[in-house]
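**Student:** As numbered in the numbering used here, residues 210 to 360 make up the sequence shown, in order.
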Amino acid sequence: MVTVADVPADKFIERLAARLKNIEQVKPPEWTLYAKTGVSRERPPDDPNWWYTRAASILRKLYLSEEPIGVGAFRVIYGGRKRNGVRPAHFAEGGGSNVRRILQQLEQAGLVKSTGHGRVLSPKGRSLLDEVAKEIANEIVKERPELAKYF
């Protein structure tokens with residue numbers, strides 16, 4: 210069986226983001242065109258569909274994680290180096306509002322469920338991710354048949 214770990218992350222996230230656009234509950238709020246993704250960023254994302262890409266990335270992280278992941282952990286994952294002008298740069302966590310809203314939307318869609326210590330994938334979410342991974346694996350095998358033995 211093909212899993213998310215078996216396919217390239219960039220192709221997987223791109224394909225899953227396209228699938229998430231068709232889910233009614235997952236829609237970016239109006240403020241996403243103007244909001245930064247964290248204090249360490251200077252400008253909002255250039256990609257107008259960054260909301261779906263971040264949601265796909267969050268689902269992939271939840272799939273690969275063995276434990277529940279909360280908003281605080283995602284803030285660390287999506288954080289980065291904050292440049293302070295002439296002062297030394299330091300790490301800054303990513304924004305929590307966008308991660309929280311995405312997790313709430315994914316929970317309403319039934320792809321994620323909440324535990325007392327964070328969120329985990331629901332069976333519906335796991336099957337969606339496995340389905341997308343299988344599609345990508347089939348495309349890879351069509352392009353390069355010699356890789357069929359790995360899938």
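Note that CB positions come from ideal geometry on N, CA and C, so glycine has one too.
Return the bridge partner residues of ALA301 from the DSSP annotation.
**Tutor:** GLY289
**Student:** What's the C-alpha gap between LYS220 and LEU337?
**Tutor:** 15 Å
**Student:** What residue ranges within the segment 290 to 358 form continuous alpha helix (DSSP H) runs of no fewer than 4 residues, ordered along the chain?
**Tutor:** 305 to 317, 332 to 352
**Student:** Please say whether ARG335 and TYR272 have beta carbons closer to each other than 8 Å?
**Tutor:** yes
**Student:** Considering LEU273, what are the terminal residues of the alpha helix (DSSP H) in which it resides?
**Tutor:** Counting along the chain, the alpha helix (DSSP H) containing LEU273 begins and ends at 259 to 273.
**Student:** Can you confirm whether the segment 256 to 268 touches the segment 223 to 243 when touching is taken to mean that 3 or more C-beta pairs between the two stretches lie within less than 8 Å?
**Tutor:** Because the criterion of three Cβ pairs below 8 Å is met, the segment 223 to 243 and the segment 256 to 268 touch.
**Student:** Give a yes or no on contact between the segment 276 to 293 and the segment 228 to 242, applying the rule of three or more CB pairs nearer than 8 Å.
**Tutor:** As far as the Cβ criterion goes, the segment 276 to 293 does not touch the segment 228 to 242, which means the pair count is below three.
**Student:** Taking only three categories from DSSP, how would you classify ILE278?
**Tutor:** strand
**Student:** Anyone know if the C-beta pair for LYS343 and VAL211 falls short of 8 Å?
**Tutor:** Yes.
**Student:** Applying the criterion that 16 or more other CB atoms from any shown protein chain within 10 Å of the CB defines a buried residue, is ASN307 buried or exposed?
**Tutor:** By the 10 Å Cβ count, ASN307 comes out buried.
**Student:** Between VAL285, TYR243, GLN317, GLU355, which has its C-alpha nearest PHE300's C-alpha?
**Tutor:** VAL285
**Student:** Taking a contact to mean a Cβ-Cβ separation below 8 Å, would you say GLY304 touches LYS245 in this structure?
**Tutor:** Yes. Within cutoff.
**Student:** Give every residue of the same chain whose Cβ lies closer than 8 Å to the Cβ of GLN314, excluding the five residues on either side of it in the sequence, and list them in chain order.
**Tutor:** GLN234, VAL235, LYS236, ALA264
**Student:** Considering only C-alpha positions, which residue in the set ARG310, GLY281, VAL341, ILE349 is nearest to ARG269?
**Tutor:** VAL341
**Student:** Please list, in chain order, all residues of the same chain as ALA357 whose beta carbon is under 7 Å from its beta carbon, the five residues on each side excluded.
**Tutor:** VAL350
**Student:** I'd like the list of long-range same chain contacts for PRO277, defined as Cβ closer than 7 Å, with 5 residues on each side in sequence excluded.
**Tutor:** The residues are THR324, HIS326, GLY327, ARG328, VAL329.
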